[in-house]
Structures are given as C-alpha cells and as structure tokens.
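Reviewing the structure listed below.
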Amino acid sequence: MSSTKSTFIIGDIHGCFDELQDLLQTANVSLVQHQIILVGDLINKGPASLKVLKWAKDHQISCVLGNHELKFLKSINGESPMPPRLKELKSEMGKALNDWVQWLQTWPTYIEAPNYIVVHGGLEPNRSLNETDPLVLVNIRTWEGSTQQMYRPGAPPWYSFYKGKKPVFYGHWATQGVHIENNTYCLDSGCVYGRSLTGIWAETKEMVQVPARKIYCPVK
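Counted the way our numbering counts, the sequence shown spans residues 456 to 675.
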C-alpha cells in the first residue's frame, strides 16, 4: 500500500461506534484528505458492530483481519460455535449476510506500506510476512520458539524479538494496553472495557486517545 496522504491507524474498536466518531473528530481526521487503517476487531463485545462495519465499508476504509472477524467467518462456516454477540450481528445483517461475508473475506491479514506494517496480532520472529501463517498474524502475542501456543502469560512477547526497520502497528492485546517497544506500537487500549480508543498518525507517531463512554463488556 502506498499513498501520499497522511495515515491514521486505529486500534480495536469492538463495536464502539460513538467512540470511533469521537476519535476521528478529536484527531481532525478527514475521510477525504487522510488515509485510515483499522487494525481489526471492529466487531463483537460492543454495542454497534454492524454500524462500525457499515461505516468502514461505505467509506472504503482499509481494514486488516482481526481474530473476531475470523471467528465470525469460521462460525458462519460451521467451523466453530458462534458467541451471542456475533449471533446478534448475523441476525442484524439479515438478507445481506452473504454480501457482508464476501467483503470480510477480502480483508488482508496484514498491510505493508513503504514506511510501516499494520497487523492485528503480530509478527512471527525469524519469518517474513508473506511466509507467515495468517493465523499467526491474527493471533500471536507471545513467542517461545514455535507457534503451537501463541499466548502464554509471562512468556516473551513477540515484539521483543522484532528487529525490523519498519514500525509495526498492531492491536489484539487489551490487557497489555498501549505499548511502544522495539519499533512496535500496540493500539488496543480496551475501549470496549471502558478505557479508551487509540489512534496514531503513522508518519509522526503522534497518538490520539478518547475515553470510552461506558463499560460495554467486562474484562475476561
């Protein structure tokens, strides 16, 4: 992906549409003048998943696939059980379900631009992006030499091994929250848990946050 427009990257939204609009206004983001990228997990847990999806689709916003979009697609295919909030989302989609599914299936598991990388979960150490299993890109948090277990509390985070020159912007880790280390930037600040929604200007690394309007979901 290459663009002369300034790029604003937004962390996990999880159906928090009002906070998304608050963030865009606070950061003075223009749908015309700026490029917007979402790190995935637009849906589930929060109050307005379909509204967030519709906004992203209507404005042709670039999105990377999150584990909750992947969970939704797998449950639609009968590969996994569907959580209650995703059942609600499916019902709200109604007759347009197939159109929504086809659109979600077009989302990449990463976006690589000349000056940055955007991914939902993270990168596998010692492996190039195009060689990495998409499930790893979507789900990884920690690394202990293999991807058999992609998260274990207390294990080294994947980014402690990152040596790349391009900054990596990711989400997926609300319990960690905003974190900057080794040229990586976690943007998941737990908005749906009543904390905040975070965005960052890719070129300047200026972060912008807005508070959640309420607690929509308990931390699990």
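Glycine is no exception: its CB is placed at the ideal position from the N, C-alpha and C atoms.
Do you know how far the Cα of residue j is from the Cα of residue i?
i: V484; j: T561; result: 25 Å
i: R668; j: V674; result: 16 Å
i: T564; j: K509; result: 20 Å
i: H523; j: T459; result: 31 Å
i: T630; j: H469; result: 15 Å
i: I566; j: T653; result: 19 Å
i: Y614; j: G495; result: 18 Å
i: V633; j: H627; result: 11 Å
i: L479; j: W598; result: 34 Å
Apart from the five residues just before and just after residue i, which ones in its own chain have a Cβ nearer than 8 Å to its Cβ?
i: K620; result: N638
i: E658; result: S461, T462 and N570
Quick check on residue i: buried or exposed, where buried means 16 or more other Cβ atoms within 10 Å of its Cβ?
i: N532; result: exposed
i: R607; result: exposed
i: P569; result: exposed
i: D643; result: buried
i: I498; result: buried
Within a Cβ cutoff of 7 Å, which residues of the same chain sit near residue i, ignoring the five residues on either side of it in sequence?
i: L528; result: V556, L559 and Q560
So, for residue i: in the same chain, excluding its five sequence neighbours on each side, which residues have a beta-carbon less than 6 Å away from its beta-carbon?
i: T587; result: E579
Okay, do the stretch 514-532 and the stretch 491-504 touch, 3+ Cβ pairs below 8 Å being the bar? With a cut-off of 8 Å, the stretch 491-504 and the stretch 514-532 count as touching, because enough Cβ pairs lie within range.
What ranges does the alpha helix (DSSP H) occupy inside the stretch 553-607, keeping only unbroken runs of at least 4 residues that lie completely in it? At a cut-off of 4 residues, the continuous stretches assigned as alpha helix (DSSP H) that sit fully inside the stretch 553-607 are 589-594.
Using a Cβ distance threshold of 8 Å, determine whether the stretch 541-553 contacts the stretch 572-580, with at least three qualifying pairs required. Contact fails between the stretch 541-553 and the stretch 572-580, because fewer than three Cβ pairs, one in each stretch, are under 8 Å apart.
State whether the stretch 543-556 contacts the stretch 611-630, with contact taken as three or more CB pairs (one from each stretch) at a distance under 8 Å. Result no; under three Cβ-Cβ pairs closer than 8 Å.
Mind listing, in chain order, the continuous beta strand (DSSP E) runs of no fewer than 3 residues lying wholly within the stretch 635-664? Those beta strand (DSSP E) runs which fall completely within the stretch 635-664 and span 3+ residues are 639-641 and 651-656.
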